[in-house]
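Some notes on the structure that comes next.
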Amino acid sequence: MTSVLALVACGTSGVALDGQGAEANALPEDSSTAVADSTESDPTALATVPFADRLPSPGIGLGVLELDGYTVPILQRVVGGWVVLSPCGNEVEVVNGVERSAAHVVLDPEPATAPIARVIERRLAESDVITVLSRWTNISIDASTRARLAETSGAHVFVSLRLVAGDASLAGPAGVEVVHQADDEESRRLGGLIYAGLTGAMDSLGSSWPALEEPGVRPLLNQRGTDYFVVLRESGDAAAVVVDIPGLVAPDTVVLLSTADGQAAIAGAVATAIEQFLGSEASGSGYIDPVELVRSAPAGGAGGECTDPLLAPPGDK
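See below:
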């Protein structure tokens, strides 16, 4: 993946309509490209450049549609509505929703981490970083649908944020697991920045954290030699990572992560890491050679029955 600082702006309108080609949507040269060129010979000069001038424009995509507590990728515009990829991975035509044309970042929280993701979104907005949330309510969404948001929003960053149990009997210093795309240096760099920020923030909270099996930043493959997680395989050109934070069941950390201070610390660390990724060539820390490099995954995906909120129940058809 090309570094985000070397990207050329493609516009933020999302898509060319009515036969208009790329020429109709062309914008002046992205200021971030000019900044990258001007500071290449003097990396220290980058710190003096305002973040707004280092922030790359979102890429071109068809856009996303915000619905009741979740967001879906737009596949096509039709008269009076949109064709979208539903939470269960079906192509469905809908007529209501809030369309968003482009974003820098897709945040993919679980229901347990949705409050933290909301804080990250607000924090990034202060720096004019546009963010899409895959969901902010308790709803199950197919991984392919969530990953597709990166492509249709033109995002440079995709962060899946999960809260996991860990081993409370081995509680100790902060440790998180960050899985990056195996063949993508920008994904690896993003993972290292998030790891460094998160472990520092967690240590500052002064809690004892459940231990994870392999804390650090690493790839994880399936038996077919591709990325284990669907969201890493199908997130288009975005630098994508899966972040696991321990504390799902340990009483002390459950309470801590439900407080405003705890959520602000975690969210601030992730937001800062994303800003560093988008606005600099900084690298992070925590890179490891994993003991577990390959994990068996079912050929057909996670499986299980999916109740699609965008499809009428069988008895209503």
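Numbering (my numbering), first residue to last: 193 to 509. Where is the CB? At the ideal position from N, CA and C, for every residue including glycine.
Among the options, nearest to residue i - alpha-carbon criterion
i             : options                           : result
alanine 347   : Leu325, Thr464, Ala393 and Gly272 : Leu325
glutamine 455 : Ile322, Gly255 and Leu355         : Leu355
glycine 417   : Tyr387, Gly383, Glu378 and Ser488 : Ser488
CB contact flag (residue i, residue j, <7 Å)
i             : j             : result
alanine 393   : alanine 457   : yes
glutamate 313 : valine 290    : no
serine 352    : valine 422    : no
serine 399    : leucine 448   : yes
arginine 338  : aspartate 300 : yes
leucine 404   : glycine 367   : yes
Endpoints, the alpha helix (DSSP H) within which residue i is located
i              : result
isoleucine 466 : 452-471
aspartate 481  : Here aspartate 481 belongs to no alpha helix (DSSP H), and DSSP marks it neither H nor E.
valine 447     : 443-448
arginine 246   : 243-246
Beta strand (DSSP E) segment containing residue i, residue limits
i           : result
glycine 281 : Element bounds for glycine 281: n/a, residue is neither H nor E.
Secondary structure of residue i, DSSP reduced to three states
i             : result
glycine 398   : coil
glutamate 318 : coil
threonine 263 : strand
proline 438   : strand
tyrosine 420  : coil
proline 301   : strand
glutamate 497 : coil
alanine 339   : helix
serine 345    : helix
arginine 425  : helix
alanine 228   : Confidence at alanine 228 is low in this model, with a pLDDT of 46, below 50, so the placement of that residue should be treated as unreliable; the coordinate-derived value is given next. In this structure, alanine 228 counts as helix in the three-state DSSP scheme.
threonine 391 : helix
alanine 363   : strand
Integer Cβ distance of residue i from residue j, believed to fall under 8 Å
i             : j            : result
proline 490   : proline 438  : Rounded, the Cβ-Cβ distance is 26 Å, inconsistent with contact.
arginine 327  : alanine 306  : 7 Å
glycine 476   : arginine 410 : Between arginine 410 and glycine 476 the Cβ distance is about 13 Å, and since that is not below 8 Å, they are no contact.
glutamate 497 : alanine 431  : Not confirmed; about 33 Å, so no contact.
valine 298    : alanine 342  : 5 Å
valine 276    : leucine 267  : 6 Å
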